[in-house]
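**Student:** Sharing a structure, written as structure tokens. Questions coming.
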Amino acid sequence: DSGVTQTPKHLITATGQRVTLRCSPRSGDLSVYWYQQSLDQGLQFLIQYYNGEERAKGNILERFSAQQFPDLHSELNLSSLELGDSALYFCASSAGPNSYNEQFFGPGTRLTVL
Amino acid sequence: KNEVEQSPQNLTAQEGEFITINCSYSVGISALHWLQQHPGGGIVSLFMLSSGKKKHGRLIATINIQEKHSSLHITASHPRDSAVYICAVSNTDKLIFGTGTRLQVFP
């Protein structure tokens, strides 16, 4: 158990809908990273927050947004969902702000868009 | 061409065999990570290294910064080592991932 929690574990929804994925980092970790893992693209970095502020942005679509709250949990919002958004979404946390800090991964949320 | 390449893509082995998985990268990095993804999907960080060699139990990771290459070795492989092994490099503010090596170890 990494200490990182993600909810829900599974999510099935329809095209055009909006969903929110939630992540709670390990106790004491200030950084939260979001990743998408799809069959055709592999793991891709989406976005990072550090202590409430956006720190780095990757291949995140404009339809997606995220935030980190004062209690350090983070939410990833996916809107106008398309079939191609079906994937595993992982969050990870680390103590420091840099990508070379060791990251601890949550169990993932499997999103299926029908 | 991917910035992080892994080989082989798939690997099968008999229990007890010595395993090597390779990772080459073409970008500047501050560190390289080896991750293990279990069949259920969970991801565990195995190593993070920026130079030299690290060992943890039966796992050994090495990196050659000049050649932009890293290897993950598993000694005395066991069926519970069956998983996908992913190499990732820290490039500026993000991790760039390889496509993974699927390892199956048979008893």
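Residue numbers (my numbering), protein chains in the order written: chain A, -19 to 94; chain B, 2 to 108.
Where a beta carbon is used, it is the ideal one built from N, C-alpha and C, also for glycine.
(1) Taking B:L96 as the reference, give the member of B:T21, B:W35, B:G43, B:N23 with the closest Cα.
(2) Taking only beta-carbon positions, decide if B:G53 is within less than 9 Å of chain A.
(3) For A:Q(-3) versus A:V93, is the C-beta distance shorter than 9 Å?
(4) Under a Cβ-count criterion, where at least 16 other Cβ atoms within 10 Å of its own Cβ denotes burial, should B:R81 be classed as buried or exposed?
(5) Counting only runs of 3+ residues fully inside the stretch 19 to 79 of chain B, write out the beta strand (DSSP E) ranges in chain order.
(6) Spell out the partners DSSP gives A:L58 in its beta bridges.
(7) I'd like to know whether the C-beta atoms of A:L44 and A:L26 end up nearer to each other than 9 Å.
(8) Mapping DSSP to helix, strand and coil, what is A:G(-17)?
(9) Any contact of the stretch 78 to 93 of chain A with the stretch 6 to 21 of chain B, i.e. 3+ C-beta pairs under 8 Å?
(10) Would B:F48 be called buried (16 or more neighbouring beta carbons within 10 Å of its own) or exposed?
**Tutor:** In short, the structure shows the following:
(1) The shortest Cα separation from B:L96 among B:T21, B:W35, B:G43, B:N23 belongs to B:W35.
(2) Closer than 9 Å: no.
(3) Going by C-beta atoms, A:Q(-3) is nearer than 9 Å to A:V93.
(4) It is exposed - the Cβ of B:R81 has fewer than 16 other Cβ atoms within 10 Å.
(5) Runs of the beta strand (DSSP E) inside the stretch 19 to 79 of chain B: 20 to 26, 32 to 38, 44 to 50, 53 to 57, 60 to 65, 70 to 75.
(6) A:L58 is bridged to A:V(-1), A:F44.
(7) What sits at residue 44 of chain A in the sequence shown is Phe, not Leu. Going by C-beta atoms, A:F44 is nearer than 9 Å to A:L26.
(8) If DSSP states are grouped into helix, strand and coil, A:G(-17) belongs with coil.
(9) Touching, no.
(10) Burial state of B:F48 is buried, judged by a 10 Å Cβ sphere holding 16 or more other Cβ atoms.
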